[in-house]
Amino acid sequence: MLLRLHQIDKFYPTGEGPLHVLNGIDLSLEAGKSLALTGESGSGKSTLLHLVAGLDSPDAGEIHLGGTNIVGLNDTALAALRRGTVGLVFQQFNLIPSLDVAANLAFQARLAGRPDPAWLKVLAKRLGLAQVLTRYPEQLSAGQQQRVAIGRTLAARPRLVLADEPTGNLDEATGDAVLDLMLSLVAETGAALLMVTHSNRLANRLNARVHLHAGRLV
Amino acid sequence: MVWTGLTALLSHWRRRPVQLAMLLLGLSLATALWSAVQAINGEARASYDRAAAILGQDRLAQLVREDGARMDQQEFVRLRRAGWLASPVIEGEMRFGDVRLRVLGIDPLTLPPQAQQVDVAVGDELLPFITAPGVLYAAPETATRLTEQATPPVRVAEGLPPGTVLTDIGQAQVLLGAKDKISRLLLWPDQPIGRAPLEVTAPGLTLREPSETGDLARLTDSFHLNLTAFGFLAFAVGLFIVHSAIGLAFEQRRPVFRTLRALGLPARVLVLLLIAELLTFALLAGLVGVALGYVVASALLPDVAATLRGLYGADVPGTLLIRPAVWAAGLAIAVIGTLVAAAQSLWRLWHLPLLAAAQPRAWARASERALRAQGVAAMVLLLTAAGIAHFGSGLEAGFALLAALLLGAALALPLVLTGILHLGGRLARGPLAEWFWADTRQQLPGLSLALMALLLALAVNVGVSTMVSSFRLTFTGWLDQRLASELYVTARTEAEATAIRDWLAQRSDAVLPIWSIEGRVAGQPAAIYGVADHATYRDNWPILSAVPEVWDRIATGDGALINEQLARRQELGLGDQITLPGGWRASIVGVYADYGNPIGQVIIGIDTLLQHYSDVSRLRYAIRIAPGKAEALAAGLRAEFGLPAQNVIDQAGIKVFSLKVFERTFRVTAALNVLTLGVAGLAMFASLMTLSGMRLPQLAPVCAMGLPRRHLAWLELWRGLLLAGLTMLAALPVGIGLAFVLLAVVNVEAFGWRLPMHLFPGDWARLAALALLAAGLAAAAPAWRLARLSPSDLLKVFAHER
Chain X
1 MLLRLHQIDK FYPTGEGPLH VLNGIDLSLE AGKSLALTGE SGSGKSTLLH LVAGLDSPDA
61 GEIHLGGTNI VGLNDTALAA LRRGTVGLVF QQFNLIPSLD VAANLAFQAR LAGRPDPAWL
121 KVLAKRLGLA QVLTRYPEQL SAGQQQRVAI GRTLAARPRL VLADEPTGNL DEATGDAVLD
181 LMLSLVAETG AALLMVTHSN RLANRLNARV HLHAGRLV
Chain U
1 MVWTGLTALL SHWRRRPVQL AMLLLGLSLA TALWSAVQAI NGEARASYDR AAAILGQDRL
61 AQLVREDGAR MDQQEFVRLR RAGWLASPVI EGEMRFGDVR LRVLGIDPLT LPPQAQQVDV
121 AVGDELLPFI TAPGVLYAAP ETATRLTEQA TPPVRVAEGL PPGTVLTDIG QAQVLLGAKD
181 KISRLLLWPD QPIGRAPLEV TAPGLTLREP SETGDLARLT DSFHLNLTAF GFLAFAVGLF
241 IVHSAIGLAF EQRRPVFRTL RALGLPARVL VLLLIAELLT FALLAGLVGV ALGYVVASAL
301 LPDVAATLRG LYGADVPGTL LIRPAVWAAG LAIAVIGTLV AAAQSLWRLW HLPLLAAAQP
361 RAWARASERA LRAQGVAAMV LLLTAAGIAH FGSGLEAGFA LLAALLLGAA LALPLVLTGI
421 LHLGGRLARG PLAEWFWADT RQQLPGLSLA LMALLLALAV NVGVSTMVSS FRLTFTGWLD
481 QRLASELYVT ARTEAEATAI RDWLAQRSDA VLPIWSIEGR VAGQPAAIYG VADHATYRDN
541 WPILSAVPEV WDRIATGDGA LINEQLARRQ ELGLGDQITL PGGWRASIVG VYADYGNPIG
601 QVIIGIDTLL QHYSDVSRLR YAIRIAPGKA EALAAGLRAE FGLPAQNVID QAGIKVFSLK
661 VFERTFRVTA ALNVLTLGVA GLAMFASLMT LSGMRLPQLA PVCAMGLPRR HLAWLELWRG
721 LLLAGLTMLA ALPVGIGLAF VLLAVVNVEA FGWRLPMHLF PGDWARLAAL ALLAAGLAAA
781 APAWRLARLS PSDLLKVFAH ER
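Chains X and U, in that order, give the protein sequences. First residue of the first sequence: 1, per the UniProt record's numbering; consecutive thereafter. First residue of the second sequence: 1, per the UniProt record's numbering; consecutive thereafter.
Written out as structure tokens, the structure is:
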């Protein structure tokens, strides 16, 4: 099992006392599989994703990634995990505005010490970015920017791709096209995919789906 | 990983060269002004050290008279006979034409080897050195100054301090008019055992241990402290630019930092990379800054040298040497300054919550809590300033007071401006005006650092110019009082002086001696003058405080007048007793203003002077005559006695010369003032330029609602002018406070005199116009950019594509 979450609890402090965002979550994901995480706004989807990415830590429970419990790891170890094992795709793209498309695409692979120019070339072509490699993010459309973000993640060949509403900022047609590409590329690399979405239509296209409601899986 | 991360961080600057240029320029300028002051101070101090080390004074003990007066040559003879290994030295000031020099006379035959500045005994040099007309040894630049003057033969000697000539003691005694007199005795390090005790052989003499710092270094300390304070202020203003540029760059890159960390760059590595980036910039800018500092220092040094010569009689060469210490200090201050300026941003980054919203936040958006904290800090600093003003004393306390006042005022500025802009908003009528005030208030956090820098520069400008102008006004009035006589004549010999006195007796209303001796009074170097009992002094002398019928008491030999600086430095007042050279005592009957004089001065009656110092040089005289006849009398004097032009000077000539010295004295201050103002203007430009790129989301909705871009651009320009105008208004009371501290505390401690403060609204109006012009220019470029912005760029704001 690539990913296993056991009895995860997470609280946020509020003016009215602690808010129980995640309550006893158990979840697992095999390598090469995709899982959609759905739920209404505020149900804790993104929080769960951030915990898996090591961007935040749970108040209770264990998160095993590739056999290692990542809860309690220090910042350096978590950073190494995000660099080498996990790939993140954000709703807001989060490209580096001062680097051109080619540099953005290669960025995470270089950061992880795994640059692969041939694979990058393939990715650029498959993502339809070959003609815009010298442009800067601000010169791209939203769909193009999200494709760069996906390419940047997959260029490092992560074992687990975490995507937070990756098509949330795109229109339906563009979103579908981007998702198609992401799914096929993830499948080709043999990575697992955990994707947060509030769209049932998109969720149905993945291997499995779980629904989060008021901090519990239902 | 490190290289990839660094590439991403550095790419920001590649895309924003203007911002990078501003950062480097700010840091370079700050370092330049600081280094310029350090280079000047370093050059001056090296010169004082050379002067202090002359004739081995820093290594050899000396015998001197306790009162600082010259001793008889017989003392030397007695000591030699008693077994003391000593060598006589005479020193004094004299004029060769219009060149004033320090003359040092030595005895080459008894001089200890440690004191041998020039090898006068080499080859056939000794005989011409010790026989008339003698030889003058001088540093190259001093020798050049003497080429036009009538002097004994001049030879160049490296290593002598500028403004000093070395000659045989016999020749020096002739030149200084001090026959058979010596100033001090240099002692050989190894003295024979069994020599007669000093108290027995020469009871009037005292042993002075070797000293590494001369009187000059001590006298000029306050001047250099003043310069250092100014340099530091300029550096601080420059740091505002750096802080602003770094803060903006960090804020603009916050989303990138977050992305980098999300992609796996550890926070520690990120912070280290940013520190490495900053250190690279600091070293680059530091190198440029120090080089620029040398250029500024070279331009300012001649004026500083003239100031030091005019105020302290200290000769400093007009050329700079490249000193490694200045380079090291410049680079160090650039690095330290950069790290200080970046500390807040680095601290924030270290504590940056990884999951905080990833939208770029307006830079330095001050929360109400932060503004309140700033207000409290300002209040504490201003109260500290008030405390120091009340309880503190000394030059250091004066500068601490200035620092607390300026920093407190700067911190209070955003609070004051927020209040005014709130008020403006409440009084505004119409939606556009309301938006204008509200939007200006919103811009304040982003501009507050630049405005604080502007406030500092303007306040310093108001303060220093008020001080200088007050000084000028007082000085001019003082010159009118002090230089009441129509002509001043200097004879070349005592015989000529007697002839001149006789010649003038029938041709002038009065001939007033200007005779003086030098010595130590209350432990300070001082000159003692004798004055005739004449209305010239009774009617004009700038007395600050005196007992009744002071001039009668001076004329009868019953008391002495002292200058203000001697009174303040030694805390002397009316009725106190002072011991004068020769050991006799006099009661202080008055204190008078004596601006521009570094040393103490005592005035006694002319008869009393002659009674105690019968061998006083009697060469100089002031002549009273109807002003209309002065020119003819001067011409007659020159013709009758063949006197050179500079030996007969009219009142106007001296005034012109004195005012010229005065103006040169403050030229350095004025130059640093202008440069600091320029740096502040640049800070404003840098902030406005960078903020303009971040303002589109605020301006786009207003534009979409129907306000033309051109109109918006004008409003941007007016906003800059409004903020600069308000800052100028806030700077006025701070500047006046600063002037008061400079006049009442710093000047008194540094120079020994206190001046009345005058206000100059005309100067303020000119400064306000300059500030508005600088602000207008700073705001013009961003406004122009906004006016020419394409509609598609504005639309991006709504398309969330930014």
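Note that beta-carbon positions come from the ideal geometry of N, C-alpha and C, so glycine has one too.
Quick one: is residue i near chain X, going by C-beta distance under 8 Å?
{"i": "U:ARG14", "result": "yes"}
{"i": "U:SER11", "result": "yes"}
{"i": "U:VAL256", "result": "yes"}
{"i": "U:ASN673", "result": "no"}
{"i": "U:ARG268", "result": "yes"}
{"i": "U:MET689", "result": "no"}
{"i": "U:THR4", "result": "yes"}
{"i": "U:THR280", "result": "no"}
{"i": "U:MET1", "result": "yes"}
{"i": "U:TRP363", "result": "Per-residue confidence for U:TRP363 stands at a pLDDT of 38, beneath the threshold of 50, marking its modelled position as unreliable; the derived number appears in the next sentence. U:TRP363 does not count as touching chain X."}
{"i": "U:ALA249", "result": "no"}
Are the beta-carbon atoms of residue i and residue j separated by less than 8 Å?
{"i": "X:ALA53", "j": "X:ARG82", "result": "yes"}
{"i": "U:ARG70", "j": "U:ILE182", "result": "yes"}
{"i": "U:ALA683", "j": "U:SER244", "result": "yes"}
{"i": "U:ILE606", "j": "U:VAL531", "result": "yes"}
{"i": "U:HIS758", "j": "U:SER469", "result": "yes"}
For residue i, I'd like the list of residues in its chain whose CB is within less than 6 Å of its CB, leaving aside the five on either flank, ordered along the chain.
{"i": "U:LEU401", "result": "ALA385, ILE388, ALA389, VAL741"}
{"i": "U:TRP327", "result": "VAL290"}
Please confirm if residue i has its CB atom under 8 Å from at least one CB of chain U.
{"i": "X:LEU113", "result": "Here residue 113 of chain X is Gly; the residue named in the question, Leu, does not match the sequence. It does: the Cβ of X:GLY113 has a partner Cβ on chain U nearer than 8 Å."}
{"i": "X:THR76", "result": "yes"}
{"i": "X:ILE25", "result": "no"}
{"i": "X:ALA191", "result": "no"}
{"i": "X:PHE11", "result": "no"}
{"i": "X:ARG83", "result": "yes"}
Thinking C-alpha only, which one of the options is nearest residue i?
{"i": "U:ASN747", "options": "U:PRO189, U:LEU395, U:ASN41, U:ALA69", "result": "U:LEU395"}
{"i": "U:PHE685", "options": "U:GLY5, U:MET1, U:GLY446, U:ILE275", "result": "U:GLY446"}
{"i": "U:VAL745", "options": "U:PHE399, U:ILE130, U:THR474", "result": "U:PHE399"}
{"i": "U:ARG667", "options": "U:GLN73, U:GLY330, U:SER465, U:PHE436", "result": "U:SER465"}
{"i": "U:GLY725", "options": "U:GLU749, U:ALA774, U:ALA343", "result": "U:ALA774"}
{"i": "U:TRP753", "options": "U:LEU451, U:PHE471, U:ARG426, U:LEU407", "result": "U:PHE471"}
{"i": "U:LYS179", "options": "U:VAL616, U:ALA236, U:VAL99, U:GLN38", "result": "U:VAL616"}
{"i": "U:GLY247", "options": "U:LEU759, U:LEU723, U:ALA450", "result": "U:ALA450"}
{"i": "U:LEU239", "options": "U:GLY523, U:LEU339, U:LEU659", "result": "U:LEU339"}
{"i": "U:ALA410", "options": "U:TRP435, U:PRO431, U:LEU381", "result": "U:LEU381"}
{"i": "U:ASP190", "options": "U:ARG59, U:THR280, U:ALA236", "result": "U:ARG59"}
{"i": "X:ILE63", "options": "X:ARG216, X:LEU5, X:ALA191", "result": "X:LEU5"}
Going straight from the alpha carbon of residue i to that of residue j, what length do you get?
{"i": "U:LEU777", "j": "U:ARG16", "result": "21 Å"}
{"i": "X:LEU179", "j": "X:ARG152", "result": "15 Å"}
{"i": "U:MET728", "j": "U:ALA378", "result": "18 Å"}
{"i": "U:LEU278", "j": "U:PHE250", "result": "11 Å"}
{"i": "X:GLY72", "j": "X:HIS50", "result": "14 Å"}
{"i": "U:GLY83", "j": "U:THR110", "result": "13 Å"}
{"i": "U:MET22", "j": "X:TYR136", "result": "24 Å"}
{"i": "U:LEU101", "j": "U:VAL316", "result": "13 Å"}
{"i": "U:ILE736", "j": "U:LEU722", "result": "22 Å"}
{"i": "U:ALA526", "j": "U:ARG441", "result": "59 Å"}
{"i": "X:ALA149", "j": "X:ARG110", "result": "15 Å"}
{"i": "U:THR142", "j": "U:LEU160", "result": "9 Å"}
{"i": "U:PRO192", "j": "U:PHE76", "result": "16 Å"}
{"i": "X:ASP9", "j": "X:ARG209", "result": "20 Å"}
{"i": "U:LEU444", "j": "U:LEU732", "result": "20 Å"}
Tell me which residues share the same chain as residue i and place their Cβ nearer than 8 Å to its Cβ, disregarding the 5 neighbours each side in the sequence.
{"i": "U:ALA567", "result": "GLY573, ILE588, VAL591"}
{"i": "X:LEU133", "result": "ASP100, VAL101, ALA102, LEU105, ALA124"}
{"i": "U:LEU415", "result": "LEU371, GLN374, GLY375, ALA378"}
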